[in-house]
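Following my numbering, the numbering of the sequence shown begins with 532 at its first residue and continues without gaps. Don't be surprised by glycine CBs; every beta carbon is placed ideally from N, CA and C. See structure below.
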Amino acid sequence: QNWNIVDVWDLVNDTWSTDTISQARDEMTAISVNDKAYFLGSGSRLDIYDSTLDEWSSTQIPDATGIKSVAAVGNTVFIGGGRYINMLDSETNEWSSYKLDQPRGGMAAAAIEELVFFAGGFWDGDSYNIVNIYNTITI
532 QNWNIVDVWD LVNDTWSTDT ISQARDEMTA ISVNDKAYFL GSGSRLDIYD
582 STLDEWSSTQ IPDATGIKSV AAVGNTVFIG GGRYINMLDS ETNEWSSYKL
632 DQPRGGMAAA AIEELVFFAG GFWDGDSYNI VNIYNTITI
């Protein structure tokens with residue numbers, strides 16, 4: 532089967548179409564920031580759809596391991612999974628990262644105002660009740 536297909540709904544014209552991302556993946560998640568949509572899943576590839584240009588691009592997520600989760604605050608996309616929280620500035624396309632105190636994948640991610648939360652997850656067969664909270668003003 533082909534797992535790199537994206538279904539696209541055009542709200543203005545009330546029509547469906549399909550497109551493709553750079554490679555087939557499972558465990559997909561996505562988020563939008565301004566005029567861009569970010570698609571990630573297993574592996575280290577991040578696909579980016581720019582709605583203003585109607586173009587796709589992709590980049591490598593640094594230090595990408597584990598089942599990833601994603602949140603956004605302002606122009607920054609936060610990707611958690613494995614040993615790091617990777618942050619992509621959606622305007623400059625520059626990466627930065629913070630090391631997690633406990634590596635884990637499958638976390639829940641959420642953002643409220645300037646705070647980003649990464650909660651729970653698992654690693655090497657163990658489940659965790661850890662919640663990492665990042666204040667985007669002070670990091």
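Residue i versus residue j: straight-line alpha-carbon distance, rounded
{"i": "Y659", "j": "D620", "result": "29 angstroms"}
{"i": "A650", "j": "D566", "result": "27 angstroms"}
{"i": "Q554", "j": "Y569", "result": "14 angstroms"}
{"i": "R635", "j": "G572", "result": "15 angstroms"}
{"i": "D632", "j": "D655", "result": "15 angstroms"}
{"i": "I661", "j": "I552", "result": "33 angstroms"}
{"i": "N535", "j": "R556", "result": "7 angstroms"}
{"i": "T583", "j": "I643", "result": "26 angstroms"}
{"i": "T669", "j": "G574", "result": "30 angstroms"}
Proximity of residue i and residue j at Cβ, strictly below 9 angstroms
{"i": "G637", "j": "F653", "result": "yes"}
{"i": "T560", "j": "V601", "result": "yes"}
{"i": "A595", "j": "G613", "result": "yes"}
{"i": "Y580", "j": "V543", "result": "no"}
{"i": "E558", "j": "K599", "result": "yes"}
{"i": "L577", "j": "V604", "result": "no"}
{"i": "G597", "j": "N663", "result": "no"}
Reduced DSSP category for residue i - H, G, I as helix; E, B as strand; rest coil
{"i": "M559", "result": "coil"}
{"i": "Y629", "result": "strand"}
{"i": "T667", "result": "coil"}
{"i": "W534", "result": "coil"}
{"i": "D655", "result": "coil"}
{"i": "I754", "result": "No answer is possible for residue 754: it lies beyond the span of the chain, which begins at 532 and ends at 670."}
{"i": "S600", "result": "strand"}
{"i": "G613", "result": "strand"}
{"i": "S582", "result": "coil"}
{"i": "T551", "result": "strand"}
{"i": "T607", "result": "strand"}
{"i": "G574", "result": "coil"}
{"i": "G636", "result": "strand"}
{"i": "T546", "result": "strand"}
{"i": "D566", "result": "coil"}
Own chain, CB closer than 7 angstroms to residue i, minus 5 neighbours either side, in chain order
{"i": "K630", "result": "R614 and Y615"}
{"i": "P593", "result": "N617, W626 and S628"}
Own chain partners of residue i with C-beta closer than 6 angstroms, once the 5 adjacent residues on each side are dropped
{"i": "M618", "result": "T607, F609 and S627"}
{"i": "V539", "result": "S548 and D550"}
Quick check: the region 541 to 548 against the region 587 to 597, are there 3 or more CB pairs under 8 angstroms?
Touching, no.
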